[in-house]
Structures are given as structure tokens and as C-alpha cells.
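Student:
Protein chains in written order, with our numbering: chain E, 939 to 1236; chain R, 656 to 1059.
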């Protein structure tokens, strides 16, 4: 069993502020049932002062998820919204005298619920903000911006730590390379510069394709497509799958997914990954589709 | 209120019986010799090992006592069996197993895949049953071994391994079964089957941890995992863990004596527990093939709440069980067994396994039946997926998080 602090146990056994809040005027829903953690945070905000008069939660999750939710409501009650926005996941963990590393994502979820609830109160669309980054972890829907934020805030150095804090990389593990890239990038930024990281930067988003020097001939284009497919085949073959070019029709590239890849739950993700590479290599927007979607009359 | 601990996690491990401890103790201080030695210190031990081998043989219904190889644990037996089959038949490169096996098999198979072997995992239906037609269609000349568990550790679902072994045998393919959960709980008679290899683990049947057995049918081609000594007829080198082997022998003898009680009294208590819980709580259901499972196991999915939270509250009342939720194991997805059966996420995270033994009493079961409903109600009250008296109308829509 986990080594939970007394405070975690106490907040789990006697959660504060649980259940619906009738007069809530800011609600934040985060998490998902797939991951086994979901949190709804309900705030009652005094409009004049923006002070959080009351906060309630409903949580689907383990002991530390419930304790983190309870702690969060205790922390933010009486704060103004601007003060509350400064509450970090580490503050939640500290309030509970620490959380096991595998459970840090519970506190991250708490902070996100807070941001979502405040955005909801202010009539903002919190999720838009969230979708800025490229999706890195497809199993748990964690994007680059979120990983980068958590890496910076908690001074993380390994993929394992990122998984503990965000869940990213904890499923199929196909994104470990992507996480390593973010870690390397943050690490490179860490010493020196003396500037806070520019919030506008969204570095993990793939660069917009550069226009090719000249238009590729169809032969050159197909050669490049084959090159990309060759580069991903070893990865697929390792999982007893394979991919083969079926046809190219305009901006649509049809491929046969074979072996373990065909019908695999990750099929869409696999195609998405190939498509990204195609776009980068060809320098133009193309769509990669399974051969089953080819028009009947080609 | 009586708060004496109630142990309902016997599929995880069991209490070593006092009679078993008593049997093994002299082998630490009195009969401490090495069975290989010529002198009297050694020969005493040699005789005891022979007795223990016979006791294991009797429980398994093996034809010869030399078919019993003592190992350190179930996992070692599993690895030995599969690696042996691949080594002994280099022209065969495929392993057939199921996607609900214990990690002792699945993790090994993942590694074998990285080494270039082909692993085919049979799927199960929503009750955890294998499609025998799919199985038959997978058997071909390059299959080195089929490894299928006798009973599932999470749901207790029993696979038709005797029938499957006969089918494999007819095609000249070796058959191994991980029977760690089945041995001691249901009758086994290996001499009348076509099973070539079987793994068992002592600590699942009231022997200590750190002792296991690989049953190896006479004539089955074999390559040892550990080389370096003549012990176990050269098939598993390393000085015999004599005290543990004696203990396992005694535990097997007791298991045989308890077999009827296990399948009558324990089954009755399990059924009472399950019925008692299901009749009081809505939105919960037993998982697996309930009409064909181990007599001691009940796995119940409680929808819209999470297993670790249930376990913590049960533990507070002195009740020990286990869960297939992601959080309890430190992994991030719910149990692979639940996912293989297509149990929805709303329920998979809330699965609780109760596994009994002959030690459990009627009074204990009554206490658990009374304890569970308030815990479930308490956690559902906290859940965003749960409304006043039932799941929120259309839970997916009622709670649609910003990212999911």
C-alpha cells in the first residue's frame, strides 16, 4: 500500500466540502474516467470582491485524489481569484504533508480544476488555452504545454518523473521520445538567459511547414513518401505490424496497415504520427489515411 | 464492535498453516544438512525431500514423483517452462498465450517479442472466456508452446486447459499451464491430461513464500534455466531449499484433505458474500465467468467509484481485499484482465476482489456483508458521476471534462 501521510489519510477519511454546491457560479471539470481520476470543483465567488466564499468538490478517484480535492477547497476558501490562481500543485501536496511520487498527478489535477473553475466563472474558455500544445501522450491526452509547465514548475528531469506528475508516458510509452525532447529543451533553457520563459512560446507545436524550394514532381514526392514510411517501419515491425504505401491521390496518402497494426486500437495514433512526419518532410499539408478508406473507383 | 482483521485476499497470498510451520522448523536447526552429502546429516534431508515430492505428486495427480521439480516460485517455473520450450525447439518461434495471463507470463512474452519471437495472445469475451475456434486456428507447425493459465487470479475464471492441452498435443505442440491459483482449490489429475508442464507457487496454498514447483511430464523435451548442479536431476541447479520444500509437501497434503471443504463450505461462504453484496447495492456486478470459476473468488465491479478508495475504507474496518484499479498498482490503467473483458472504465476502476480460504468464518462474512454497502454509498456521494440515488443521468454528458 502507499505511504500516505497522516494528513492525506485524515482528508480522505473526513473530506471537507464534498458534494454539490447549489450556489456555485464557477465550475471546473477535469480528468476523465478512463484514467481513473476525475474532479469537479465548484466555486461560489462574490462578484464585487472576487473572493471565493465557498468551494466544494466531487471526485472519482483514489485516496489521494479525494484528499487533494479536499485540501484544495480548504486552501482556496477566502482567497481572491487572483490569489487562487497562484496556488500550485506543489502547494496542494505541501498542504497534505506530501504525496507519494506516483500520486503527484492528483495534485496537478487539483490545480487544473481550479484554473478551469475560475475560467468558467470569468466566462473564458479554459480548454482552448489547454489545447495550445501538440498532443504528446495519446493514451492520457496530455499535451506539450502541460508537460512543459509541470516540468518547469517541479524541476523534473526524467520521463518517469513526468509520468508521475502528469501521467504522460504512462500508457503505451510511444511518446517517451517526445517527453525526452521537452525535458531536453527545458533543461537547455534553465541555466542563464535570466528571463522568465515567454508565455507566448509554444515550442512543442510542430513548426509550420516550410514551403518547398520548388514544387516536387510526383516521382520525387512518392520517393519522399516512401522514405518516411521506411523510417517508421522498424518501429511498427517491433510491434509485429507493418505499413505499406497503397496509393497517393492529390493530398491524400493511402497506406495499408498490416499485421498487428491493422485493427489496433492505436491505429489512429499511428496514422497521425505518420501524417506529421509526411507534413514535415514534404513541406505541404497532406492527409494519411488507411487503404480501407480509398474511394472504390480509384 | 468486533474489529478483528478479516483476511479476504487469499489469491494474493495465504497464511502459512501452523502445521506447515511445525513441519519445516526442524529443517533449520536439526536437519540442516545438505541433501547431497553422504553423511547422516544429509541423508535425513534427502528422505524428507522424497516425502515432500510424493505429497506434491499426490495433489497434482502426477504419474511419477520425478516429474516434480522444485523451484523458487511460480514466476521461475513459468519462465523455465516457456524458455525451455523455445530452447529445445529452435525451429519453432511462436508462443500462444492469452491476454489475461499473470504478468509472470505476459512480461516474459513482451520481452520475447523484443527478442524476435512471435507471441499470439488469445482474446477473451466479456465473461473472460477463450474462443476455442480462434485457439484451434492459431496452432501451427511453428508454435513452440501454448501457455494458458488454469484459473485467473483476478476473477477466478477457469480455462478449459485439459481440453486445450489435448488439442495442442494432437498437433504435437507443448502445453504449459500457470496453475498458481488453481492448485489446492480445484481437483487436478495430471496423469489423465495432456498437460506437459504446470507451474505452482507455495505461498498461494498456505506454504511459505519462496518455493514453487514446475511439473514436467516425463518425456517432455527440456532445457534447464539454471545450470550448475545435479539437484532436481540436473533440471534445476541450486541447493534444495529443504525447509521450504518440506513445508510445501505438508501444505499439499493439507490442501488435498481440505479439497472438499474448499469446494463446499468455502464456495458457500463466497456465494453468500457475493449475494449479500449484490442484493444490497445497485450498479455493481460480478466479473468473469461466474458459473465456472474458483470456489473462493468473487470479483465485484462497483460502478462510478474507484477501487483504492474502497480498499482504504475497508482496511479501516480491518477488512483486507484487493482491487484491479489503476491506482492500487501504481500503474495508470485499470487491470489488463478487466480491459480484456471489455469492462467499461466506469466499472473497471472500481473492481474489488474478495478471495477466501478455509480459514474464513460465517461471522466474518456477515461482517463484510454489513460493512460494504455504507462504504460504497459514502464514496458514490463524492463521485461526480453519481447523482442523488443513482448514476448521474447520462454520466458521460453530465460530467464532460475539458480534456478527456
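Even for Gly, the Cβ is constructed at its ideal location relative to N, Cα and C.
Residues in the same chain with beta-carbon distance under 8 Å from residue 980 of chain R, minus the five sequence neighbours each way, listed in chain order, please.
Tutor: 961, 962, 963, 989, 990, 1003, 1004, 1005, 1006
Student: Between R:859, R:1039, R:998, which has its C-alpha nearest residue 999 of chain E's C-alpha?
Tutor: If we check each option's Cα against that of residue 999 of chain E, R:1039 comes out closest.
Student: What does a CB cutoff of less than 7 Å around residue 1004 of chain E pick up in its chain, not counting 5 residues either side in sequence?
Tutor: 950, 953, 997
Student: Tell me the start and end of each unbroken alpha helix (DSSP H) in the segment 991 to 1044 of chain E that is at least 4 residues and wholly inside, in chain order.
Tutor: Taken in chain order, the complete alpha helix (DSSP H) segments of 4 or more residues contained in the segment 991 to 1044 of chain E are 1001 to 1014, 1019 to 1023, 1027 to 1033.
Student: Buried or exposed for residue 1042 of chain E, please, with buried defined as at least 16 other CB atoms from any protein chain shown within 10 angstroms of its CB.
Tutor: buried
Student: Taking Cβ-Cβ distances shorter than 7 Å, what residues in chain R pair up with residue 953 of chain E?
Tutor: 1037
Student: Taking 8 Å as the threshold, find out whether the segment 828 to 844 of chain R comes into contact with the segment 692 to 699 of chain R through three or more Cβ pairs.
Tutor: Too few Cβ pairs lie closer than 8 Å, so no.
Student: Decide if the segment 769 to 782 of chain R is in contact with the segment 745 to 753 of chain R; the criterion is three or more beta carbon pairs, one per stretch, under 8 Å apart.
Tutor: The segment 769 to 782 of chain R makes contact with the segment 745 to 753 of chain R; the number of CB pairs closer than 8 Å reaches 3 or more.
Student: Whole-angstrom Cβ separation of residue 904 of chain R and residue 711 of chain R, contact assumed at under 8 Å?
Tutor: 6 Å
Student: Can you tell which of R:823, R:833, R:719 has the C-alpha that lies nearest to the C-alpha of residue 806 of chain R?
Tutor: R:833
Student: Please name the residue in R:672, R:715, R:958 whose C-alpha comes closest to that of residue 1036 of chain R.
Tutor: R:958
Student: DSSP on residue 954 of chain R, reduced to helix/strand/coil?
Tutor: Three-state DSSP puts residue 954 of chain R in a strand.
Student: With DSSP as the reference, identify every bridge partner of residue 1227 of chain E, one or two as the case may be.
Tutor: Beta-bridge pairing links residue 1227 of chain E to E:1192.
Student: Is the beta carbon of residue 981 of chain E sitting closer than 9 Å to the one on residue 993 of chain E?
Tutor: yes
Student: Nearest to residue 1009 of chain R by alpha carbon, out of R:1042, R:975, R:1000?
Tutor: R:975
Student: Tell me the rounded alpha-carbon separation between residue 890 of chain R and residue 762 of chain R.
Tutor: 23 Å
Student: Under the DSSP definition of a beta bridge, which residues are partnered with residue 1134 of chain R?
Tutor: What is shown of chain R runs 656 to 1059, which leaves residue 1134 of chain R out entirely.
Student: Buried or exposed for residue 801 of chain R, please, with buried defined as at least 16 other CB atoms from any protein chain shown within 10 angstroms of its CB.
Tutor: Buried, because 16 or more other Cβ atoms sit within 10 Å of the Cβ of residue 801 of chain R.
Student: Against chain R, which members of the segment 969 to 999 of chain E pass a CB distance test of less than 9 Å?
Tutor: 969, 970, 971, 972, 973, 974, 975, 976, 977, 978, 995, 996, 997, 998, 999
Student: Between residue 1001 of chain R and chain E, is any beta-carbon pair separated by less than 9 Å?
Tutor: yes
Student: Excluding the 5 residues preceding and the 5 following residue 1047 of chain R in the sequence, name in chain order all residues of the same chain whose CB lies nearer than 7 Å to its CB.
Tutor: 1040, 1041, 1053, 1054
Student: Per DSSP, which residues does residue 830 of chain R bridge with? Please list them.
Tutor: R:801
Student: Please list the partners that residue 956 of chain E has in chain R, where partner means a Cβ-to-Cβ separation under 8 Å.
Tutor: 1036, 1037
Student: Name the two residues that bound the continuous beta strand (DSSP E) containing residue 1008 of chain R.
Tutor: 1006 to 1010
Student: Between the Cα of residue 851 of chain R and the Cα atoms of R:809, R:803, R:862, which residue gives the shortest distance?
Tutor: R:803
Student: Around the Cβ of residue 923 of chain R, are there at least 16 other Cβ atoms within 10 angstroms (buried) or fewer (exposed)?
Tutor: The C-beta of residue 923 of chain R has fewer than 16 other C-beta atoms within 10 Å across all chains shown, which makes the residue exposed.
Student: Quick check on the burial criterion: 16 or more other C-beta atoms within 10 angstroms. Buried or exposed for residue 661 of chain R?
Tutor: Note on residue 661 of chain R: 16 or more other CB atoms within 10 angstroms of its CB, so buried under the neighbour-count rule.
Student: Using three-state DSSP, classify residue 1078 of chain E as helix, strand or coil.
Tutor: coil
Student: For the segment 960 to 973 of chain E and the segment 1021 to 1032 of chain E, state whether three or more C-beta atom pairs, one from each stretch, are separated by less than 8 Å.
Tutor: No, the segment 960 to 973 of chain E does not touch the segment 1021 to 1032 of chain E.
Student: Output yes if chain R places a C-beta closer than 9 Å to the C-beta of residue 1001 of chain E; else output no.
Tutor: yes
Student: Select from the segment 742 to 775 of chain R all residues with a C-beta closer than 9 Å to any C-beta belonging to chain E, and list them in chain order.
Tutor: 768, 769, 773, 774
Student: Could you list which residues in chain E have their beta carbon closer than 9 Å to that of residue 980 of chain R, in chain order?
Tutor: Those are 974, 1000, listed as they occur along chain E.
Student: Just verifying my parser: in three-state terms, what is the DSSP assignment at residue 764 of chain R?
Tutor: helix
Student: Have a look at residue 951 of chain R and residue 913 of chain R and give me their C-alpha separation to the nearest angstrom.
Tutor: 13 Å
Student: Residue 1054 of chain R versus chain E: which residues are under 7 Å apart at the beta carbon?
Tutor: 967, 976, 978
Student: Go through its chain and collect everything with a Cβ distance to residue 1051 of chain E's Cβ below 6 Å, but skip five positions before and after it.
Tutor: 966, 968, 977, 979
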